[in-house]
Structures are given as C-alpha cells and as structure tokens.
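Before any comments, here is the structure.
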Amino acid sequence: MARAKAGDLLADYKAKRDFAKTPEPKAKRERAKGNSFVIQKHAARRTHFDFRLERDGVLKSWAVTRGPSLDPHEKRLAVRTEDHPLEYGGFEGVIPKGEYGGGPVMIWDRGTWEPIGDPDEGLAKGDLKFRLH
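The working numbering runs 415 ahead of the 1-based position in the sequence shown.
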C-alpha cells in the first residue's frame, strides 16, 4: 500500500484552523523517518490528553479523555483525530477561544517510541502496539 505524502495527510489539520488567529504551527518541514512521541494536556471544551506518534512525516494523533495510565492493564479509549505537523510536538500555548480546540495546551511528556510488530498493519486495524522510551 502506497503511503500518502505528509502534505496530503495534513489537509484536515489545515482545514480546521485559521492560522491568522491561532498560534498553532503550520507544517514547515517533512521528515521521512522518525520515532518521537508527545503527550499534550489540552484544556479545550473538555480537558483531555492528546497522544501523538511520529509516523510518515506527521504526528498521528489520538484524544484520550481519561488521561494516561501507568498500569498496562487499565484500558483507555483513544479516539483518532487528524494528523498534525511535526512542529506541533513542541507546541505549548493557548489556542484562542472560538477557534478549533480553543484552550491551553501544555506538553505533559515526550520521548521516542518503538513499534511492536508492523506499525502500518496496527494503524490500519486500530490496534497499534508499541513501547515508549
């Protein structure tokens, strides 16, 4: 299966934002390979955590409403959201009220990740397994 280019993967991200009003980053660069992750606490309409894994030159993203857990037996619902540009991994700030996702965003954790098994297959099935470092 051919992978889409990062610019195509960010179409939803760009469509939901007015970059003249929000300090969120635009996509400026594209990397072919990386393994970073970031968890951002986001006090939007409802406080949640955004979990992001670098893959295919973008940050694959999920919203986790109950927050992370250190216990691997505790399940957490992670709802897939639009891909974000790599620059978003360093974003902390306040998205203006009235804008998509309005509210404060802060970095809660970051590091690298290692897939367990085939990450493309896991993403397609909605069952991605990995280790965080």
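The beta-carbon is built from N, C-alpha and C at its ideal position, and this holds for glycine as well. Just so you know, these numbers come straight off a predicted model, no measurement behind them.
Asked                                                                                          : Found
Alpha carbon of G453 to alpha carbon of K540, nearest angstrom                                 : For the sequence presented, residue 453 should be read as Val rather than Gly. Those two C-alpha atoms are separated by around 22 Å.
Beta strand (DSSP E) segment containing L474, residue limits                                   : 473-479
Simplified DSSP state of G397, which is helix, strand or coil                                  : The requested residue 397 is not part of the displayed model; the chain covers only 416 to 548.
Presumed contact (8 Å Cβ cut-off) between S451 and E439, rounded CB distance                   : With 8 Å as the limit, S451 and E439 do not qualify as a contact, their Cβ atoms being about 18 Å apart.
K431 (DSSP reduced to helix, strand or coil)                                                   : coil
Exposure of T437, with buried meaning 16 or more beta-carbon neighbours within 10 Å            : buried
Limits of the unbroken beta strand (DSSP E) element including H539                             : Reading off the sequence, residue 539 comes out as Ala, not His. No beta strand (DSSP E) contains A539, which is instead part of the alpha helix (DSSP H) from 534-540.
Per-residue burial, P534 [other beta carbons within 10 Å of its own, 16 or more giving buried] : buried
Buried/exposed call for K429, threshold 16 Cβ in 10 Å                                          : exposed
CA nearest to the CA of A459, picked from A478, G526, A442                                     : A478
Where E529 sits in the DSSP three-state scheme                                                 : strand
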